[in-house]
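Visitor: One structure coming up, written as structure tokens, with questions to follow.
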Amino acid sequence: QVQLVESGGGLVQPGGSLRLSCAASRSIYSFDYMSWYRQAPGKERELVATIAPNGGTNYGDSVKGRFTISRDRAYKTGYLQMNDLKPEDTAVYYCQAIRAKITYWGQGTQVTVSS
Numbered sequence: 006q007v008q009l010v011e012s013g014g015g016l017v018q019p020g021g022s023l024r025l026s027c028a029a030s031r032s033i034y035s036f037d038y039m040s041w042y043r044q045a046p047g048k049e050r051e052l053v054a055t056i057a058p059n060g061g062t063n064y065g066d067s068v069k070g071r072f073t074i075s076r077d078r079a080y081k082t083g084y085l086q087m088n089d090l091k092p093e094d095t096a097v098y099y100c101q102a103i104r105a106k107i108t109y110w111g112q113g114t115q116v117t118v119s120s
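The following block contains the structure:
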């Protein structure tokens, strides 16, 4: 069974940056769409960013201009570069990937923005 593994979360001060990574537990797999979601305590999971097979991207309004989603050329690893982080960005961030119309989720990585 393929699992997605996220890394790169942690504690950062407001205004700081983090880079999240997402890859399949079995490196032979590549993916079509890759997305990042986040869920803060007491809130619903929300879409942060998506990258399409053609490289097109889409962002949630709250992160536009601050976050950048990307992927490697092999379509096996996805990234989320997060700049100018704010306390309201604190959440568990989840990677989602779609391959052959099957959706996969990672276990989540905690991002905490606090001084």
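Under the numbering used here, the sequence shown is numbered contiguously, ending at residue 120. Even glycine gets a Cβ: it sits at the ideal position worked out from N, Cα and C. Quantities reported herein were computed from a predicted structural model and do not represent experimental measurements.
1) Tell me which same chain residues have a C-beta within less than 8 angstroms of the C-beta of Gly-65, skipping the five on either side of it?
2) Buried or exposed for Asp-89, going by 16 or more other Cβ atoms inside 10 Å?
3) I'd like the list of long-range same chain contacts for Ser-40, defined as Cβ closer than 7 angstroms, with 5 residues on each side in sequence excluded.
4) Per DSSP, Ala-96 forms a beta bridge with which residues?
5) Identify the continuous beta strand (DSSP E) that holds Glu-51 and give its terminal residues.
6) Please identify the residue among Thr-82, Gln-112, Glu-93 whose C-alpha is closest to the C-alpha of Ser-26.
7) Just to confirm, are Glu-11 and Gln-86 a CB contact at a threshold of 8 angstroms?
8) Considering Cα atoms alone, identify which of Trp-110, Thr-95, Thr-73, Tyr-42 is closest to Val-7.
9) Where does Val-7 sit, in a helix, a strand or coil, going by DSSP?
10) Give me the Cβ distance between Gly-14 and Tyr-98, rounded to the nearest whole Å; I'm assuming they're in contact under 8 angstroms.
Guide: A quick look at the data gives this:
1) Numbered from its first residue, the sequence shown carries residue 65 at position 60. Excluding residues within five positions, the ones whose Cβ falls inside 8 angstroms are Glu-51, Leu-52, Val-53, Ala-54.
2) Along the sequence shown, one-based indexing puts residue 89 at 84. Exposed, since its Cβ has fewer than 16 Cβ neighbours within 10 Å.
3) Mapped onto the sequence shown, residue 40 falls at position 35. Counting only Cβ-Cβ distances below 7 angstroms, and skipping sequence neighbours, we find Leu-52, Ala-54, Thr-55, Gln-101.
4) As a working note, residue 96 is residue 91 in the sequence shown. Bridge partners of Ala-96: Val-116.
5) Start at 1 with the first residue of the sequence shown, and residue 51 comes out as number 46. Element bounds for Glu-51: 51 to 56.
6) Along the sequence shown, one-based indexing puts residue 26 at 21. The shortest Cα separation from Ser-26 among Thr-82, Gln-112, Glu-93 belongs to Thr-82.
7) Reading the sequence shown from its first residue, position 6 is the one you call residue 11. Reading the sequence shown from its first residue, position 81 is the one you call residue 86. Contact flag unset, no.
8) Translated into positions along the sequence shown, residue 7 becomes position 2. Out of Trp-110, Thr-95, Thr-73, Tyr-42, Trp-110 has the C-alpha closest to the C-alpha of Val-7.
9) For the purposes of this step, residue 7 is identified with residue 2 of the sequence shown, where counting begins at 1. Three-state DSSP puts Val-7 in coil, outside helix and strand.
10) For the purposes of this step, residue 14 is taken as residue 9 along the sequence shown, with counting starting at 1. For the purposes of this step, residue 98 is taken as residue 93 along the sequence shown, with counting starting at 1. That pair is a contact at about 6 angstroms.
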